[in-house]
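Visitor:
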Amino acid sequence: MQRILFITFTLLTLVIVGTSLSGSRELGEIDRLDLSESSVESVLNQLGNKPLPHAIAEVDLAKAKMGEDLIFNGFTTIDGKKSKRISSYFVCTDCHNTAREFEDASSELTANRLTFAQKNGLPFLPGSTFWGIYNRTSFYNGDYVKKYGEMVDDARNSLGNAVQLCSKYCSSGRYLEDWELTAILHYFKKNELLVKDLGLSERDMAALSSNSRSEVDNSRLSAVLLGSYRQSYSATFLETMDRNVRPYGQGGNPENGKLIYEKACMFCHENKRVTYLHLDNGKLSGAFLWRNRKNYSDQSIYQIVRHGTYSKVGRKQYMPLYTKEKMSDEQLNDLVAYIKQIAKK
Amino acid sequence: MMKQILFLLCLTCFSIVRAQDVVETFSGTRVINGHSVETLKKRLLEFRIEHRFGDIAGANGGVQQFFGFDQAADVRFAFEYGISDKWMIGLGRSKGSGEPYRSLVDGFTKYRFMTQQKNGMPLSMAVMGSASISYMTASTDLAQVASFPKFSHRMAYSFQLIAARKFGEHFSAQLMPTYVHRNYVAATDVNGLFSLGGALNYKINKTYGIIVEYYHNFNPSGFRSDTRNSLGVAFEWSTNGHNFKLNLTNSRGFGETQFIPHTYANWLDGEFRFGFSISRNFKL
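One line per chain: the protein sequences are A and B, in this order.
Read left to right, the first sequence gives residues 1 to 345 (our numbering).
Read left to right, the second sequence gives residues 1001 to 1284 (our numbering).
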C-alpha cells in the first residue's frame, strides 16, 4: 500500500512540476508540438519583431463570437436585443471567405486559389480571405486607390481602418461602433495564423525549437516566417478588354469556366441571393451573357468582371470587380467558354 | 438479395439528387391584373405604380380620346414588402374605376407554402388574401351600390389559391381559383363570387416575355349578366431591379375585389385599354 502511495505521489509531483515549467518556457525550449500550435504573431514577437499595430494580447471568445455574427449576419445579439444591421445590402461573407484559400499561405496565384476552392468547396470571391487577416499589415493595396481615392491612405496600414472603410463603403453600410470593431478584431485574432499553417521545413522548425540561437538566426527565421504567408495581397485593376482582342472563349477550358461560373457568378446571382439578377446554368442565362459579350456595358461579362458596378444614390447595391489577382484573363476566357457552351452557341 | 442491393442503390441515387428550387416562374409578384405565385424576398420593399388608360376603341375611345390616353381608368400606388422569402404584405391606394368604387385603399398578404423543385415538388403554390375599402363620398342615390348605407358596405375581400408550374426555361403556367366577397352589391349581383384564373408566361429571353391572363367568373344563372370576364395580354421587360409590364386588358380597376367582379368592358367592342406597371425594389 505504501508503495502504491509513493508511486502515485511521485507521478503527481512530476506532472505538477512539468506543467509549471512548461508555462514559463522560453521559445527556444518549446517542443515541436507546442511550436506548431503557437501563433505566428507570438513567435515573431519572440524573435524580436515589432508587434502588430492591432495586436490583441488574448482572444475574448465572447467578443469573437459577436464578431463572427457581425461578419456572417451583419448583426449580433446583445442582452437579447438584435444590434443594428451594418449594411442592408451585403454581409462580409458575400465578398470574403473566412477559411484558408491557398495550400501555400504565401501564394496569391489565382489558379491555385481556384483549385483550392474546388477541393475545399469554397466560393471564388472578389475579396481576400479573412483567414490570417490578423497577421496582415497592409490592406487596400495596389489599384484600390483608383476606386476609393485617398480614403485608402488611412486604411492601408491599419486593419481597424480597413475594416471601417469596408463597412462604410464596400458594403454600402455604416461605420462600425467601437464595440463592433473590437468584436470583429477579436474574431480575426481567433482565426490568426499558427506556425503549423505555414508549412515550414524541418530545419526551420528545429531552429525555432533550439535554445541556442544567435541574433543572425533570429533574423533569418523572422524572414522565413514572414515569407511564408502574405502580409498583403496585390490588387491590379485591369481595363475592359478591347472587343477586337477578346478571345470570346476560344481556346478556353469550359470545365474550368463552369467552376468559376458556379463558385463566383452564381454565389451571388443564384436565386437573386445578393443581387436582382438571377443566373443559373440554363440556356436563358447563358444566352443573355453571350448576347452581350461584345458590349462595353454592365451586361458584358468582359466589362462587369473588370469594373463591377458602383454604389449610387437609389442603387446602393453594386457588384464588386475582380482584380487580375482574383480572376486572371485566362480564367475569364474559361468563363466565357462555359457561357458559350450553356448558351448553346 | 439482389433486390435489396437494387433497392439500396436506388435509395442512394435518390438521396444524392439534391432537390433544387425552381425560380422565376413569373417575373414579379403580379401576372397582369392578379397575383403571381412569386413573393418578394425578405427585407425587400417594392414601390409599385400601376396605370390603366381609357378604352382604345369603342364608344369612349378612338382618336377623340387619343385611344384612351386622355383618360385614366385607374391608377394605383403601393408599397409592398417581403417579411420573409415566402411571405409578403402590401398596402396600396387606387383612384378606383368608379364602377362602382372610387378612392380605394387595399391591403393584402400572400404566403408561398410550396416551391417547385427540380427532381422534386412539381408545383409552386401560394395563398393570397386581400381586402379593400372605399372612402369615397357616399352617393345620395340609395339605388347605387356606392350609397353605402353602412360603413361595412364599403369593404370587399378576396381569397385566392395560386398554383404554378414552370415547364422548362421559357414557359410557365398558373391557375388561380379565387373567391371574392363584397359586403354590399346591387340586386342583380351576388355577394360571394367564385372565379378561376389562368395565366401563361412565355419568356422570349432573359429580358423580355409575353403574358396572358384570364379570369373566368362562375356567375349564378340570372345574375351579373352585364359583366365580362377579365382578359389581359402583356409584354414584359425585366431589368436589374425593375420590372415593366405593358399590357392590354378589358379590366379597368385594380385588385381582385375590383377587376374580377367589376369588369364590364368587352374586347370585341374595342373596350380594352393600354396599361402599365412599374415596380422598383429597395433593400431595407
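For each residue, glycine too, the CB sits at the ideal point set by N, CA and C.
Quick one: list the residues of chain B neighbouring A/N253, beta-carbon separation under 7 Å, in chain order.
Guide: Near A/N253 there are no residues of chain B at all, since even the closest Cβ is about 25 Å away, more than 7 Å.
Visitor: Let me see if you follow: with CB-CB separation under 7 Å, is B/K1110 close to chain A or not?
Guide: Closer than 7 Å: no.
Visitor: Can you check whether the C-beta of B/V1023 is within less than 7 Å of a C-beta belonging to chain A?
Guide: Yes - at least one Cβ of chain A is within 7 Å of the one on B/V1023.
Visitor: Please report the Cβ distance between A/T98 and A/N191, rounded to the nearest whole angstrom; I am assuming they are in contact, meaning their Cβ atoms lie under 8 Å.
Guide: Indeed, because the Cβ distance is near 7 Å, the residues count as touching under 8 Å.
Visitor: Of all the options A/S201, A/L332, A/H186, A/D197, which has the alpha carbon lying nearest to the alpha carbon of A/E255?
Guide: Looking at the Cα atoms, A/L332 is the closest of the given residues.
Visitor: List, in chain order, every chain A residue whose beta-carbon is nearer than 8 Å to that of B/N1205.
Guide: Within chain A, the residues near B/N1205 are L284, A287, F288, R291.
Visitor: Does any residue of chain B bring its CB to less than 7 Å from the CB of A/S88?
Guide: So, interface residue.
Visitor: If you count every other CB in all the chains shown that lies within 10 Å of the CB of B/S1225, and 16 or more means buried, which is it?
Guide: With fewer than 16 other Cβ atoms within 10 Å, it is exposed.
Visitor: What are the residues of the region 193-225 of chain A that lie near chain B, defined by any Cβ-Cβ distance shorter than 7 Å?
Guide: Cβ contacts with chain B come from no residue of the region 193-225 of chain A.
Visitor: Is the CB-CB distance between B/K1118 and B/S1084 below 7 Å?
Guide: No.
Visitor: So what's B/M1114 in DSSP terms, helix, strand or just coil?
Guide: Of the three classes helix, strand and coil, the one that applies to B/M1114 here is strand, per DSSP.
Visitor: Give the residues of chain B in contact with A/K272, contact being defined as C-beta atoms less than 8 Å apart.
Guide: Chain B residues near A/K272: V1023, K1041.
Visitor: Suppose only complete runs of 3+ residues qualify. What are the beta strand (DSSP E) ranges in the region 1039-1064 of chain B, listed by chain order?
Guide: Taking only runs of at least 3 residues, the beta strand (DSSP E) segments lying wholly in the region 1039-1064 of chain B are 1044-1055.
Visitor: Looking only at its chain, what residues have a beta carbon closer than 8 Å to the beta carbon of B/K1283, apart from the 5 residues adjacent to it on each side?
Guide: So the list reads R1043, L1044, L1045, once near-sequence residues are dropped.
Visitor: Report the neighbours of A/L277 on chain B: residues whose CB is nearer than 7 Å to its CB, in chain order.
Guide: The contacting residues are N1240.
Visitor: A/D334 and A/G282 - do their beta-carbons sit closer together than 7 Å?
Guide: No, the pair does not count as a contact, with Cβ atoms beyond the cut-off.
Visitor: For B/F1151, which three-state DSSP category applies?
Guide: In the structure shown, B/F1151 sits in a helix (DSSP, three-state: H, G or I).
Visitor: Within 10 angstroms of the Cβ of B/Y1141, are there 16 or more other Cβ atoms? Answer buried if so, exposed if not.
Guide: Note that residue 1141 of chain B corresponds to Asp in the displayed sequence, not to Tyr. Under this definition B/D1141 is an exposed residue.
Visitor: Which first and last residues belong to the alpha helix (DSSP H) in which A/D329 is found?
Guide: Note, A/D329: alpha helix (DSSP H), 329-342.
Visitor: Name the chain B residues that come within less than 7 Å of A/Q317, Cβ to Cβ?
Guide: Chain B residues near A/Q317: K1283.
Visitor: Between B/I1016 and chain A, is any beta-carbon pair separated by less than 7 Å?
Guide: Residue placement at B/I1016 is flagged as unreliable, the pLDDT there being 43, under the threshold of 50; the coordinate-derived value follows with that caveat. For B/I1016, the answer is no, since every Cβ of chain A falls outside 7 Å of its Cβ.
Visitor: What residues of chain A sit near B/E1169, judged by a beta carbon separation below 7 Å?
Guide: Per Cβ cutoff of 7 Å: G282, K283, L284.
Visitor: For A/A206, does the count of other Cβ atoms within 10 angstroms reach 16, so buried, or fall short, so exposed?
Guide: Burial call: exposed.
Visitor: Report buried or exposed for A/N244, applying the criterion of at least 16 other Cβ atoms within 10 angstroms of its Cβ.
Guide: Burial call: exposed.
Visitor: Check B/S1103 in the structure and name its three-state DSSP category.
Guide: B/S1103 falls in the coil class under three-state DSSP.
Visitor: A/F75 and A/K65 - do their beta-carbons sit closer together than 7 Å?
Guide: No.
Visitor: Go ahead and pull the three-state DSSP assignment for B/V988.
Guide: Missing from the structure shown is residue 988 of chain B; chain B here goes from 1001 to 1284 and no further.
Visitor: Could you check the C-alpha separation between A/R174 and A/S87 for me, to the nearest Å?
Guide: A/R174 and A/S87: Cα-Cα distance of roughly 7 Å.
Visitor: Pop quiz: A/F139 and A/L159 are said to be a contact at Cβ under 8 Å. What is the actual Cβ separation, rounded to whole angstroms?
Guide: Right, the Cβ-Cβ distance comes to about 7 Å (below 8 Å), so this counts as a contact.
Visitor: Under 7 Å Cβ to Cβ from B/Y1264, same chain only, skipping five residues before and after it: list those, please.
Guide: Contacts found: E1099, D1226, T1227, R1228.
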